[in-house]
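For the sequence shown, the numbering used here gives the first residue as 18, with consecutive numbering after it.
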Amino acid sequence: MTSQSSSADVDGRWDEEYDIICVGSGIGGLSGAITAASKGLKTLVVEKTSQFGGVTALSGGQIWSPANKYQLARGIEDSLEDGIRYIESLADGWANDRMTRNLFNTANEAFDFLEEKGVKFRMIPNLPDYYYPDLQPFAKRDGRYIDAEPFDLRRLGDRYRHKLRHKAWSSPEMAGITGRPEAQRRDFVYTGEALAGYLLQAALEAGATCWTNSPATRLIRGEPEAGTSPRVTGVVVEGLDGGGREQRIRATRGVLLAVGGYDYNSALVHRYEGRFEPYGTLVFPGIDGDHLAMGADAGAAIATLPPSRSIVQRAVRTGIRRDEDLSSPTLDNEILAMYWPVGPHEIVVNRAGKRFADETFYPELHASLHVLDPVRHVHPHWPTWLVMDDNYWSSPMRRQQPGPPKEQCHVADTLDELATKAGIDPRGLKSTVDRYNEMCRQGRDDDFHRGERPWVTSSLAFAPLGTSPLGPIEQAPFYATKLIQAFLGVGAAGLEINQHAQVVRQDGRPIPGLYAAGNSAARTDLGMMLQSGVTNLRGMVYGFLAAKHMADNGCRSRSRL
């Protein structure tokens with residue numbers, strides 16, 4: 018991690034001056050930049066890596082928002098109160114009601130503003146909440162998911178189109194536009210890339226200056242005033258777009274921290290996420306927890322949630338390693354592939370060879386990994402293995418979700434031999450497969466109801482017709498591979514903020530000139546709740562609120578060039 022200690026700097030000289038500096042170029046930083054620049058403020062976005070878009074560009078691009086303007090325009094009934102009750106049902110007492118209401122009450126205002134600046138949003142039809150129908154009437158069957166229209170990269174021009182971060186699966190199928198003309202155009206991107214593309218274009222057109230390869234390494238603060246914390250007056254930036262040297266850049270209104278989590282910082286992973294090894298990450302290098310280091314040094318409170326509700330996926334090894342030496346604990350720099358088990362001819366089992374969750378519903382699978390045996394004081398479901406048969410490789414689902422390379426798997430002609438090779442209890446695995454195969458023949462999973470949750474079946478809309486998440490494991494040879502905890506740039510810990518997105522101290526008082534949005538901000542608004550699209554919602558809303566507050570209330574820092 019590159020962040021160093023902040024320093025008091027009232028009399029220091031500055032290399033450049035801006036009104037607002039946004040650290041990070043995901044939805045939080047870019048929403049803040051669009052808002053600030055549109056209000057006439059001189060705005061700078063500094064991106065640590067070589068590409069804009071952050072974790073947002075790698076996401077599915079969804080924004081989850083109850084009673085949003087797009088669903089109401091379609092006549093779909095919903096209310097903010099139902100959305101809040103839905104959160105309360107899932108937060109397990111960890112959410113701050115004031116922050117929850119502030120988040121949802123601001124969403125439509127942020128949608129309106131960004132839409133005026135050229136971001137094209139749309140409602141995703143027929144996609145229910147995670148916990149529909151379990152939590153009716155607060156959970157809804159339709160309407161709460163928003164994403165961006167497909168984005169034409171040519172809108173960014175030659176200078177910026179190649180600076181937008183790409184992911185491997187920005188496909189027309191995932192975007193739901195198969196058969197439309199833009200599905201055949203190589204210039205179009207979808208899902209998270211599309212959202213990041215619109216935001217980057219809007220920020221540039223609003224007049225924001227955007228730098229890549231420009232990590233912010235520390236905050237600069239002034240002398241403390243009576244009864245307050247020292248004001249954040251700027252940042253130290255080093256990098257190529259910033260001139261290739263360390264620069265002290267003044268922020269007269271404030272600094273917005275809007276970076277990802279801390280996937281590449283093993284000390285922070287172990288501190289806040291536990292020690293489920295092996296672990297890795299599905300995001301790009303540079304997600305080091307810089308916001309926590311810079312914020313804590315400025316006196317910020319850090320809030321966290323139990324790791325069982327972290328936004329974590331399962332992944333498989335690819336055998337491919339990055340060229341650069343990242344000095345990272347993540348499996349010797351090996352590139353991981355997200356594994357989303359939704360197809361037939363596969364199960365997930367523990368060391369006893371037993372299934373323990375609905376494999377297709379990741380919140381259930383992840384929470385189950387954290388179950389603790391109170392007598393033996395071990396986690397019985399970790400480590401965990403993916404087990405499949407030879408039919409798995411020819412399933413139509415593999416065209417959309419490739420799965421692990423065969424060379425990364427244990428292979429055997431019998432289940433007993435496979436279990437022995439993998440380190441799984443042979444009798445337990447044989448019993449589990451027999452039980453699973455019988456349920457496949459019946460056409461239903463009586464143990465964990467795999468494939469019955471509406472969110473899962475709706476998410477399979479891009480799969481080939483006739484694909485079922487159930488399919489027997491009976492065709493030799495058989496395969497097994499150990500699954501890996503894979504972080505997504507969204508940590509359990511973050512900087513605590515107030516309703517204006519100001520970073521606060523342990524006593525709740527704001528730190529003047531310091532704001533946080535997106536994955537830099539603690540999830541005090543949602544608590545233990547998991548729901549796809551909330552991360553992008555928080556980035557959009559808090560970036561918007563932070564810039565508004567700096568524009569309307571910002572007190573200019575006192576330093577000289």
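Glycine is no exception: its CB is placed at the ideal position from the N, C-alpha and C atoms. Note that the coordinates shown come from a computational prediction; the quantities given were computed from them, not determined experimentally.
Residue i, buried or exposed, once every other Cβ within 10 Å from all chains shown has been counted against 16
{"i": "Ser187", "result": "In this prediction, Ser187 has a pLDDT of 45, which is less than 50 and means its spatial position is unreliable; nothing more can be read from the coordinates."}
{"i": "Pro421", "result": "buried"}
{"i": "Tyr559", "result": "buried"}
{"i": "Asn282", "result": "buried"}
{"i": "His566", "result": "buried"}
{"i": "Thr123", "result": "buried"}
{"i": "Ile337", "result": "exposed"}
{"i": "Asp159", "result": "buried"}
{"i": "Pro154", "result": "exposed"}
{"i": "Pro380", "result": "buried"}
{"i": "Ile328", "result": "buried"}
{"i": "Pro391", "result": "exposed"}
{"i": "Ala223", "result": "buried"}
{"i": "Gly174", "result": "exposed"}
Sub-8 angstroms separation of residue i and residue j beta-carbons
{"i": "Asp305", "j": "Tyr279", "result": "yes"}
{"i": "Trp472", "j": "Tyr149", "result": "yes"}
{"i": "Arg182", "j": "Gln68", "result": "yes"}
{"i": "Glu64", "j": "Ser231", "result": "yes"}
{"i": "Ala534", "j": "Ala563", "result": "yes"}
{"i": "Arg372", "j": "Thr449", "result": "yes"}
{"i": "Gly468", "j": "Pro486", "result": "yes"}
{"i": "Ala5", "j": "Thr73", "result": "The structure shown does not extend to residue 5, since the chain is modelled only from 18 to 578, so the question has no answer here."}
{"i": "Ala503", "j": "Met355", "result": "yes"}
{"i": "Asp442", "j": "Ala436", "result": "yes"}
{"i": "Glu33", "j": "Gln264", "result": "yes"}
{"i": "Thr66", "j": "Phe301", "result": "yes"}
{"i": "Thr60", "j": "Thr226", "result": "yes"}
{"i": "Asp36", "j": "Thr269", "result": "yes"}
{"i": "Val428", "j": "Trp402", "result": "no"}
{"i": "Ser549", "j": "Gly77", "result": "yes"}
{"i": "Leu131", "j": "Ser42", "result": "no"}
Segment limits, beta strand (DSSP E) that includes residue i
{"i": "Asp408", "result": "The amino acid occupying residue 408 in the given sequence is Asn; Asp does not appear at that position. Note, Asn408: premise wrong, no beta strand (DSSP E); not H, not E."}
{"i": "His427", "result": "427–429"}
{"i": "Tyr162", "result": "162–165"}
{"i": "Met116", "result": "Taken as a continuous stretch (DSSP letters only), Met116 belongs to no beta strand (DSSP E), being part of the alpha helix (DSSP H) at 114–133."}
{"i": "Gly57", "result": "Element bounds for Gly57: n/a, residue is neither H nor E."}
{"i": "Gln548", "result": "Counting along the chain, Gln548 falls outside any beta strand (DSSP E), and DSSP gives it neither H nor E."}
Best match in the options for proximity to residue i [C-alpha to C-alpha]
{"i": "Ser385", "options": "Ser246, Pro413, His398", "result": "His398"}
{"i": "Glu294", "options": "Leu500, Leu505, Ala509, Phe561", "result": "Leu500"}
{"i": "Ala310", "options": "Leu322, Pro361, Leu236", "result": "Leu236"}
{"i": "Pro324", "options": "Asp204, Gly316, Trp111", "result": "Trp111"}
{"i": "Val45", "options": "Ala568, Glu94, Thr552, Gly261", "result": "In the sequence as presented, Val is not what sits at residue 45; that position holds Gly. Of the candidates Ala568, Glu94, Thr552, Gly261, the one whose C-alpha sits nearest the C-alpha of Gly45 is Thr552."}
{"i": "Leu170", "options": "Ser55, Asp95, Lys180", "result": "Lys180"}
{"i": "Lys157", "options": "Val62, Glu94, Arg176, Gly312", "result": "Glu94"}
{"i": "Asp307", "options": "His517, Leu273, Glu290, Asp164", "result": "Leu273"}
Limits of the unbroken alpha helix (DSSP H) element including residue i
{"i": "Arg452", "result": "443–459"}
{"i": "Leu435", "result": "432–439"}
{"i": "Pro380", "result": "379–386"}
{"i": "Tyr532", "result": "Where Tyr532 is concerned, there is no enclosing alpha helix (DSSP H), although the beta strand (DSSP E) it sits in stretches over 527–533."}
{"i": "Lys137", "result": "Here Lys137 belongs to no alpha helix (DSSP H), and DSSP marks it neither H nor E."}
{"i": "Trp228", "result": "Looking at the DSSP string, Trp228 is not in any alpha helix (DSSP H); the run it does join, the beta strand (DSSP E), is 226–228."}
Any chain D beta carbon closer than 8 angstroms to residue i
{"i": "Ser448", "result": "In summary, chain D is missing from the structure at hand, where a single protein chain is found."}
field: At least three beta-carbon pairs within less than 8 angstroms, the stretch 69–88 to the stretch 126–142
entry: Contact between the stretch 69–88 and the stretch 126–142 is present, because at least three Cβ pairs lie under 8 angstroms.
query: With contact counted as at least three CB pairs below 8 angstroms, one residue from each stretch, are the stretch 539–550 and the stretch 96–115 in contact?
result: Yes, the stretch 539–550 touches the stretch 96–115.
message: Using a Cβ distance threshold of 8 angstroms, determine whether the stretch 445–462 contacts the stretch 516–527, with at least three qualifying pairs required.
response: Judged by Cβ distances under 8 angstroms, the stretch 445–462 makes no contact with the stretch 516–527, as fewer than three pairs qualify.
query: Are there three or more Cβ pairs, one per stretch, closer than 8 angstroms when the stretch 318–333 is compared with the stretch 502–518?
result: Yes: at least three Cβ pairs fall under 8 angstroms.
query: Between the stretch 353–365 and the stretch 401–412, do three or more beta carbon pairs fall short of 8 angstroms?
result: The stretch 353–365 and the stretch 401–412 touch, with no fewer than 3 CB-CB distances between them shorter than 8 angstroms.
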